[in-house]
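Number 24 in my numbering belongs to position 18 of the sequence shown; there are no gaps in the numbering.
Here a beta-carbon is modelled for each residue, glycine too, at the ideal position from N, C-alpha and C.
For clarity, every value in this text was computed on a predicted model and none was experimentally measured.
In what follows, a single structure is set out as structure tokens and then discussed.
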Amino acid sequence: MSPKNAGGSPAYRILAIETSCDETAAAVVADGRHILSNRVASQIELHRRFGGVYPEVASRQHVLAIQTVVEDALADASVAHVRELDAIAVTNGPGLAGSLLVGVNLAKGLAFASGLPLIPVNHLEGHIYSNWLCTDGSPVADLQASEDGNGPAGGSASDSARTQRSGSASDQFPALILIVSGGHTELVLMEGHCRYRLLGATLDDAAGEAFDKVARLLELGYPGGPAIQAAAESGDGGRFQLPRPLMRPGRRTELQPHAQAPTLPTVLPVRGEHRFNFSFSGLKTAVLNLMRQLEREGAEARQTQTASDIAAAFQMVVVDVLLGKTADAAAEFGVKQVCICGGVSANGLLRQAAEQHFAKLGLPLHCPPLFLCTDNAAMIGAAAYYRQSYAVARQPSPMGGPHSTPHDKPSEPSARDFLALDVYASLPLVDSIQR
7 MSPKNAGGSP AYRILAIETS CDETAAAVVA DGRHILSNRV ASQIELHRRF GGVYPEVASR
67 QHVLAIQTVV EDALADASVA HVRELDAIAV TNGPGLAGSL LVGVNLAKGL AFASGLPLIP
127 VNHLEGHIYS NWLCTDGSPV ADLQASEDGN GPAGGSASDS ARTQRSGSAS DQFPALILIV
187 SGGHTELVLM EGHCRYRLLG ATLDDAAGEA FDKVARLLEL GYPGGPAIQA AAESGDGGRF
247 QLPRPLMRPG RRTELQPHAQ APTLPTVLPV RGEHRFNFSF SGLKTAVLNL MRQLEREGAE
307 ARQTQTASDI AAAFQMVVVD VLLGKTADAA AEFGVKQVCI CGGVSANGLL RQAAEQHFAK
367 LGLPLHCPPL FLCTDNAAMI GAAAYYRQSY AVARQPSPMG GPHSTPHDKP SEPSARDFLA
427 LDVYASLPLV DSIQR
């Protein structure tokens, strides 16, 4: 028997599949908010020896893991057969083409065999909707929130990190979304469900990419986010001065993320066209130049304490830039809530500083629990539900026909529908929203 939602009607259940990079994930989500199951097979240990994600290895590992992951997700949700569900969702970009193809092809096959509608989901929109998932009291959340974070910017499973979140996001708009991950750093104004306006994005490296590259320079290990955060905990962030890209001196509320750390400098975003844009490539170069200078002076930049001090200074700069831009945009557009999502949102310093700052401004702040910060399929299921519910009248389906809405009787998909779902046809979120 199909489970009921709060209103007594049958819950709309979606099987979601995510294989955009190096996590093989599947989940069953009910009504876009409730996680019935959430399985993730991580490839971190496979890629650790390469110091980063090796695309060919990633796609081959997806092939090996995907069937078991999907079967386990269905079993965890007490689903005996895919036909018991209402739809299938899959990430079809952006991401690594070889990895995406594994998930897309399996989803196409399952949808074709079961007759269920197939919903393609933008990976970045999935991260946005990780903030709308209800996890309080969920057995899935209790199990996975106790795990250490392994995303692009780390995050430990300490109580302080897990309580940086005041429930799931509300339907109060406009909302300001900071997407910050290994591949993307964007500020998005969310004007309503599935209605976006891009405010700014990185001009070069994403924040998570910068974490990985600096960790590699300091020989701290992979993934770079957790490594930088761990090293920074014993570091002096005030020992070295690093540039704050696309920021200028100014006055704003000071942040004090750690009692032992100096107050973050008072800076504001630059004026003009790059006001809400980011740039982290130069910061990485500044770290490299600092290390070379130390070596010329006879110091060892990779010595434990020095590396920790550099890591602390780097992390502080990234957090200051991210929050400076976000706070400026929040004030400019009069938003009703702020959401931070993506792998870097697991960073403990970012979460603590953001909570302190936006509490002073009286703005609700939402960050996903740690297990939803990194790539997962539950967020894809949530995004699929809201896209079905709110985007049907505004956007044609990438499959060549209109989306069906939840609680409508699903139509039998045609072969043409599935042939049209193509990872190469998927556009990044920045190309599908108003500039």
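Nonlocal neighbours in the same chain, by C-beta distance under 6 Å from residue i, ignoring five residues either side
i	result
A36	A17, R19, L42
S285	L209, D210, P251, L252
L21	V34, L91, I94
A47	T30, A71, V75
A389	V127, E131, G132, Y135
D334	P275
L248	A292, A319, V323
G288	P251
K219	K290
Q178	K342, Q343
G3	Examination of residue 3 is not possible in this model, given that the chain is present from 7 through 441 alone.
Inter-residue CB distance, residue i and residue j (contact presumed, cutoff 8 Å)
i	j	result
M322	A307	Not a contact, Cβ separation roughly 18 Å.
V325	L182	In fact, because the Cβ distance is near 17 Å, the residues do not count as touching under 8 Å.
I125	R393	7 Å
L195	I316	Contact flag wrong, Cβ pair sits at about 35 Å.
G206	K331	7 Å
G38	Y396	Contact doesn't hold; Cβ gap of about 10 Å is too wide.
G109	V88	Between V88 and G109 the Cβ distance is about 15 Å, and since that is not below 8 Å, they are no contact.
S314	A237	5 Å
A64	L112	With 8 Å as the limit, A64 and L112 do not qualify as a contact, their Cβ atoms being about 15 Å apart.
A32	A79	4 Å
L328	L369	Contact doesn't hold; Cβ gap of about 15 Å is too wide.
T141	P375	5 Å
Q73	Q49	At roughly 16 Å, the Cβ-Cβ gap does not stay under 8 Å, so Q73 and Q49 are not in contact.
L300	T312	7 Å
N353	Q235	6 Å
S139	M385	First, the residue type needs correcting, since residue 139 is Leu and not Ser in the sequence shown. Right, the Cβ-Cβ distance comes to about 7 Å (below 8 Å), so this counts as a contact.
Limits of the beta strand (DSSP E) - the one that residue i falls within
i	result
L248	Neither: L248 is in no beta strand (DSSP E) and is coded neither H nor E.
V127	124-127
Bounding residues of the alpha helix (DSSP H) (the contiguous stretch that carries residue i)
i	result
E239	First-last for E239: undefined, no H or E at that position.
N111	103-120
F377	376-379
L355	354-367
Y392	384-396
Contact with chain D by residue i, beta-carbon distance below 8 Å
i	result
E361	No chain D is part of this structure, which consists of one protein chain only.
Same chain, Cβ closer than 8 Å to residue i, neighbours up to 5 away in sequence not counted
i	result
F282	L193, L205, G206, P275, K331, D334, A335
V69	V108
G143	Low local confidence applies: a pLDDT of 48 at G143 is under 50, so the model's placement there is unreliable, with the coordinate-based value given in what follows. None.
A305	T312
R277	R254
S166	With a pLDDT of 33 at S166, under the threshold of 50, the modelled position of that residue is not reliable, and no figure is offered here.
E62	G104
Close beta carbons around residue i, own chain, < 7 Å, minus the five adjacent residues each side
i	result
P180	L195, M196, E197, F339, V341, K342
S240	S314
V429	Because the pLDDT at V429 is just 46, under 50, the model does not fix this residue reliably, and the value given afterwards should be weighed accordingly. Counting only Cβ-Cβ distances below 7 Å, and skipping sequence neighbours, we find N98, G99, A103, L106, L107, V110.
C200	Y392, R393, Y396, A397
V85	V34, L91
D242	D315, A318
V59	C27, D28, H53
F246	L296, D315, I316, A319
> Hey, which unbroken runs of the alpha helix (DSSP H) at 4 residues or more fall wholly within the region 184-229?
Replying inline: Counting whole runs of 4 or more residues, the region 184-229 contains the alpha helix (DSSP H) stretches 213-223.
>> To test your reading of the DSSP string, which unbroken beta strand (DSSP E) runs of 3 or more residues are found completely within the region 23-93?
In response: 29-36, 40-48
>> Measuring CB atoms only, is the region 372-381 touching the region 19-30, in the sense that at least three cross pairs come out at less than 8 Å?
In response: yes
> Can you list, in chain order, the stretches of the alpha helix (DSSP H) that have 4 or more residues and sit fully within the region 262-342?
Replying inline: 287-302, 310-339
> Quick check: the region 342-361 against the region 187-196, are there 3 or more CB pairs under 8 Å?
Replying inline: yes
> Are there three or more Cβ pairs, one per stretch, closer than 8 Å when the region 220-237 is compared with the region 49-61?
Replying inline: yes
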